[in-house]
Structures are given as C-alpha cells and as structure tokens.
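In what follows, a single structure is set out as structure tokens and then discussed.
Protein chains: 2
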Amino acid sequence: MSSTREKIAQAADTLFYEQGFEATSFADIAGAVGISRGNFYHHFKTKDEILDAVIDRRIAKTKGMMETWDAQGQTPLDRIGCFIRILIRNRAKITQFGCPVGSLVSELGKLNHVSQSRANALFSMFGDWLAEQFQEMGCDAPTALRHARHLLARSQGVATLSQALQDDEFIDGEVVLMLDYAAAAASEFTQEGN
Amino acid sequence: MSSTREKIAQAADTLFYEQGFEATSFADIAGAVGISRGNFYHHFKTKDEILDAVIDRRIAKTKGMMETWDAQGQTPLDRIGCFIRILIRNRAKITQFGCPVGSLVSELGKLNHVSQSRANALFSMFGDWLAEQFQEMGCDAPTALRHARHLLARSQGVATLSQALQDDEFIDGEVVLMLDYAAAAASEFTQEGN
DNA sequence: GATGATATAGGACAGATGTCCTAGGGCGCG
DNA sequence: CGCGCCCTAGGACATCTGTCCTATATCATC
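Residue numbers (UniProt numbering), protein chains in the order written: chain A, 1 to 194; chain B, 1 to 194.
In structure tokens form, the structure reads like this:
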C-alpha cells in the first residue's frame with residue numbers, strides 16, 4: 001500500500017508542529033521525505049489535503065492514546081492522571097514548540113482556515129473523554145464537563161507558558177497541582193474514612 | 001512627528017494579532033493604512049523592524065495597564081483581580097483570536113525568530129508584576145513567583161480553550177476560579193476573624 | 001520664489017510558493 | 001513482448017513575498 005503517502009503525512013505532521021502550518025512549504029516536506037516536489041501532486045492535490053491527512057493522523061493517535069489509558073488506568077482518577085502526565089512525557093518538545101493541538105488550533109483560527117473545525121474536534125475528543133472520567137467518578141454531566149474543560153485549559157496554559165519561559169521544570173510543579181485538582185474532585189465521592 | 005510610522009505600527013499590531021505575523025504581508029499593512037507598498041521602506045527597512053515596533057508598542061501598553069492597575073487597586077488582591085479580569089474585558093477578541101501575547105510567542109518560537117526573546121519579555125513583565133503583588137501580600141519570593149506563573153498559565157489556558165471551543169461563557173467561570181485562587185493565597189495573610 | 005529635506009507612489013527585482021503538466025521508469029498482466 | 005497502470009522526477013506557471021530604487025510631490029525655511 002502507498003507507504004509514500006503515509007510518509008508524507010508523517011513528515012508534515014512533525015513539520016506542522018515544529019514550524020507551523022503556514023511556515024511549512026511543500027519543499028520542506030519533500031526534503032524531509034526525500035522525494036521530488038512535483039511528485040506531491042500524485043498523492044495530495046493541495047496543501048489543505050495534507051493538513052486534513054495530518055489531522056486524521058492526530059485524531060487516530062489521540063484515539064489510540066485514550067484506549068491505552070482506558071486499559072491502563074484502574075480508576076477514573078488514574079486515567080485522568082494519564083492525561084495530565086502527557087505534559088511530562090512530552091516535556092522537552094512542549095517547552096520547545098508548545099502543545100501540538102493548541103498551537104494548530106490557534107494558527108488555523110487566525111488563518112480562518114476551512115479545517116479549523118476539524119482541528120477543534122481534537123480538543124473536543126480530549127474534553128469528552130475527560131468528562132466521561134469525571135462522570136464515572138460520580139459527577140453529574142455539567143460538573144464533569146466543567147472539570148474536563150478546566151483541566152484542558154490548565155494543560156494548555158502550562159504548555160504555552162513553559163514555551164515562553166523556556167522552563168522545563170515549571171511543568172512538573174503544575175502537573176502536581178493538576179493531579180491535586182483531580183484528586184480533590186474524586187475525594188468528594190470516596191469514603192471519608194479511607 | 002511621523003504619524004504615518006505610528007499608524008503603520010498600529011495597523012501591524014492589529015493584523016499580527018488577528019492574522020499572525022507570518023501570514024500578514026506588507027501589502028496587508030499598506031492596505032490597512034492606505035499607503036503604497038513601496039513607501040514602507042522609508043519608515044521600516046524590514047518586516048522584522050515592524051515587528052520590533054509592534055513589540056515596543058505592546059510593552060508600552062502593558063506598562064500603561066500596570067500603572068493603571070497600581071493606581072486603581074487598593075490591595076494586592078484588588079490589583080491581581082484587575083489582571084484576571086482582562087480576560088473578561090477582551091472576551092470577544094480572545095474567543096476569536098486567542099491571547100495576543102501567547103499566540104505571538106508561540107508563533108515566533110516556531111519560526112525561531114530573532115525577536116522571540118523580546119516577545120517573551122512581555123510574559124516576564126506580567127509575571128514580575130504579579131509576583132510583586134503576591135509579595136506585597138506577604139508571600140516569600142519563590143512562592144510569589146510560583147503563584148504569578150500559575151495565574152499566568154491559567155489565563156493562557158483559558159484564552160486558548162475559549163478560542164478552540166468558540167465559547168465566550170467558558171471564560172466567565174474560569175475567571176471566578178482564578179479570583180478564588182488569588183483570594184485563597186491572600187487569606188493566608190489576613191486576620192481570620194475579619 | 002528658490003532650496004533642500006522629508007514623504008510618497010509606483011514599480012523593478014530575485015526568490016519562493018502552491019499548483020499543475022509532461023515525460024519517462026518500473027512492473028504486473030495478457 | 002507489448003500494453004497499461006502506478007509512481008516518480010523535473011520543471012513550467014502565475015502569483016505573491018520582502019526588499020529596494022527612482023521619480024515626483026509636499027512643505028518648512030531662507
């Protein structure tokens with residue numbers, strides 16, 4: 001099967017993250033993959049098609065992560081912890097380039113790009129998944145959504161600020177606070193005496 | 001004095017915020033100001049010079065805001081509240097284009113731009129000012145810095161997420177939580193019985 | 001009114017960009 | 001072998017970019 005198409009999408013994914021969508025040219029991607037510039041047309045008609053493929057990749061990758069977390073975490077609190085800890089796992093890249101989702105959404109928003117809503121869907125995926133966890137904990141639906149969005153916003157802020165400060169260690173402290181927040185939400189529904 | 005130069009910087013400021021630095025061309029700025037494209041060279045040698053002028057403007061505007069807050073707020077907590085409430089004052093623009101500071105820093109970071117550090121200084125200004133307030137409250141220096149960065153990150157996250165969700169109202173709830181956070185930090189140093 | 005500095009318009013310039021076309025290579029199938 | 005199909009390379013293309021030049025307009029000063 002067309003492995004070249006996949007390689008293009010993969011290279012574009014990385015470059016869009018590290019340089020931005022607008023700042024990444026066909027030539028950049030061609031150089032990264034090692035194919036000729038004109039050859040692109042056979043796999044992707046336009047740059048927007050590449051963007052769509054990249055978003056598809058990210059959606060798939062996100063789904064995969066969530067499945068892993070679902071399998072790995074015993075309790076909702078454990079699973080939420082998995083989400084929070086992405087910040088630590090990707091610490092170096094986040095400090096350098098920010099959050100892949102957040103920065104893409106921000107850029108596409110400014111460009112008034114057609115695929116803006118598809119990128120925003122990535123946020124919704126995280127939001128919905130987090131809300132599910134809080135509901136399983138015992139929260140009612142609106143509270144769960146509130147908690148979910150709150151954590152999502154916190155993680156975005158940590159990413160942006162660690163990039164601005166160029167400070168790895170800032171992430172660690174904030175992760176602890178976010179875990180505390182989730183734990184506090186959970187403790188409302190557990191036995192006091194435990 | 002050269003009012004044209006000022007008008008260019010002002011138009012560029014707006015356009016860099018709403019479209020991004022890279023995506024804004026000389027032609028865009030010229031169109032917005034209503035002057036010819038070639039005329040730019042007389043006022044700014046390069047696009048980077050315009051960016052520097054824009055950052056200067058923002059630094060000056062930020063200083064002005066802080067002076068206003070210093071004069072307006074009676075207590076450190078009041079003044080911190082002024083900062084937090086920018087989110088509400090600029091709600092509509094933030095929902096559409098995100099935070100001007102955060103998105104510029106993010107973009108310049110990805111472009112590895114020379115002026116990246118000058119843009120980051122904008123963050124430091126807010127951070128230092130907030131830390132001062134927390135110190136006046138009674139916090140020791142490291143704690144004050146921690147609180148300051150925490151609030152800065154929170155506000156960034158709120159901006160990013162409200163843009164992604166296209167949701168005005170999300171901001172209001174988060175602002176309340178941030179005010180609570182500041183109040184809790186302050187209450188440590190006030191009389192219990194008050 | 002003449003002079004000179006400053007501001008402006010218009011366009012030239014090379015390079016890059018996204019898009020598209022064409023010619024040929026490699027390979028399976030009849 | 002010969003046909004047809006997918007893949008690739010290389011380059012054409014119009015357009016846009018940032019930069020820069022030159023000729024003209026504006027205006028204060030003498």
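No residue lacks a Cβ here, since even glycine has one placed at the ideal position from N, Cα and C.
Discussion item. Residues of chain B with CB closer than 7 Å to the CB of A:G31, please, in chain order.
Written reply: Listed by position along chain B, the residues whose Cβ is nearer than 7 Å to that of A:G31 form an empty set, because the closest Cβ is around 17 Å away.
Item to complete: Spatial neighbours of B:M125 within its chain, please: CB distance less than 6 Å, with the 5 preceding and 5 following residues excluded, ordered by chain position.
Response: T62
Worksheet item: Does the segment 27-47 of chain B come close enough to the segment 96-112 of chain B to have 3 or more Cβ pairs within less than 8 Å?
Response: no
Discussion item. What would DSSP say about B:S4, mapped onto helix, strand or coil?
Written reply: Reading off the sequence, residue 4 of chain B comes out as Thr, not Ser. Note: B:T4 maps to helix in three-state DSSP.
Discussion item. Quick check on DSSP: helix, strand or coil for B:S25?
Written reply: coil
Worksheet item: Are the beta-carbon atoms belonging to A:I80 and A:A182 less than 8 Å from one another?
Response: yes
Fill in: heavy atom of the ligand HEM below 7 Å from A:I35 C-beta
Annotation note on the ligand HEM: not contained in the displayed structure, which lists no ligands.
Fill in: Chain-order list of residues whose beta-carbon lies under 7 Å from that of B:M1 (same chain, five-residue window excluded)
With a pLDDT of 47 at B:M1, under the threshold of 50, the modelled position of that residue is not reliable, and no figure is offered here.
Worksheet item: In terms of residue numbering, what span does the alpha helix (DSSP H) encompassing A:K93 cover?
Response: Following the DSSP letters along the chain, one finds A:K93 inside the alpha helix (DSSP H) bounded by residues R91 to F97.
Item to complete: Could you list which residues in chain A have their beta carbon closer than 7 Å to that of B:E18, in chain order?
Response: Neighbours of B:E18 in chain A, taken as residues whose beta carbon is under 7 Å from its own, are K110 in chain order.
Practice prompt. For B:N194, name the three-state secondary structure that DSSP assigns.
Written response: The predicted model places B:N194 with a pLDDT of 46, which falls under 50 and marks its position as unreliable, so this point remains unresolved.
Discussion item. Buried or exposed, going by whether 16 or more other CB atoms sit within 10 Å of the CB of B:S187?
Written reply: Exposed: under 16 other Cβ atoms inside 10 Å.
Worksheet entry | Contacts that B:E22 makes with chain A (C-beta to C-beta distance below 8 Å) | G20, E22 and A23
Discussion item. Does A:I35 come out as helix, strand or coil in the three-state DSSP assignment?
Written reply: coil
Worksheet item: Can you tell me the Cα-Cα spacing of A:A153 and B:Q156, whole angstroms?
Response: 8 Å
Discussion item. Considering just the uninterrupted stretch of the alpha helix (DSSP H) at A:F44, what are its terminal residues?
Written reply: Neither: A:F44 is in no alpha helix (DSSP H) and is coded neither H nor E.
Worksheet item: Where do the N-terminal and C-terminal ends of the alpha helix (DSSP H) with B:G81 fall, by residue?
Response: P76 to I84
Worksheet item: Mapping DSSP to helix, strand and coil, what is B:V114?
Response: In this structure, B:V114 counts as coil in the three-state DSSP scheme.
Worksheet item: Looking at the C-beta of A:V54, does it have a partner C-beta in chain B at a distance below 8 Å?
Response: It does not; no Cβ of chain B falls within 8 Å.
Practice prompt. Note down, in chain order, all residues in the segment 159-185 of chain A with a beta-carbon under 9 Å from any beta-carbon belonging to chain B.
Written response: A159, T160, L161, S162, Q163, A164, L165, Q166, D167, F170, G173, E174 and L177
Worksheet item: Run through DSSP, which three-state label would A:E188 get?
Response: DSSP, read as helix, strand or coil, puts A:E188 in coil.
Worksheet entry | CA nearest to the CA of B:S115, picked from B:D52, B:E169 and B:Q72 | Checking every option, the nearest Cα to that of B:S115 belongs to B:D52.
Worksheet item: List, in order along the chain, the chain B residues whose C-beta lies closer than 8 Å to that of A:F26?
Response: Within chain B, no residue comes near A:F26; the closest Cβ sits about 16 Å away, beyond 8 Å.
Item to complete: Could you work out which residue in A:D56, A:E18 and A:S25 is closest to A:E6 when comparing CA atoms only?
Response: Comparing Cα positions, the closest option is A:D56.
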